[in-house]
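S.K.:
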Amino acid sequence: MTIKSVWVRFSAVQEDHCGWSVIENATGLAYLAAGVPMIFLSRDVATALATALNELSFMAPTLH
């Protein structure tokens, strides 16, 4: 039996009091879009952004 493991580079995480953030899993830091940290987002926006970034990360090695 073979188990396929997929690295998820970006995740949407809920913060304690201030909405959702998109973080890069390798560093634990917020993703920067044009120098702006992706924090204080709604759940829908953070989830959609993390999904899009993960799909793009398979096409290009870096996004910044």
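Take the numbering used here: the final residue in the sequence shown is number 224, and no numbers are missing along the way.
Quick reminder that beta carbons are idealized off the backbone N, C-alpha and C, glycines included.
1) How is the beta strand (DSSP E) around W217 delimited, first residue to last?
2) Going by Cα to Cα distance, which pick from E215, L216, W167 and R203 is closest to V182?
3) Find out if the Cβ-Cβ distance for the pair M198, L209 is shorter than 8 Å.
4) Could you compute how far the alpha carbon of E175 sits from the alpha carbon of W167?
5) Determine the DSSP secondary structure at V168, reduced to helix, strand or coil.
6) If you measure between the beta carbons of F200 and E184, is that distance less than 8 Å?
M.R.: On the basis of the supplied data:
1) It should be pointed out that residue 217 corresponds to Ser in this sequence rather than to Trp. Segment R203 to S217 is the alpha helix (DSSP H) holding S217; no beta strand (DSSP E) there.
2) The option with the nearest alpha carbon to V182 is R203.
3) Here M198 is near L209, since their CB atoms are less than 8 Å apart.
4) Between the C-alpha atoms of E175 and W167 there is a straight-line separation of about 22 Å.
5) Correct three-state label for V168: coil.
6) Against a cut-off of 8 Å, the Cβ pair of E184 and F200 comes out as no contact.
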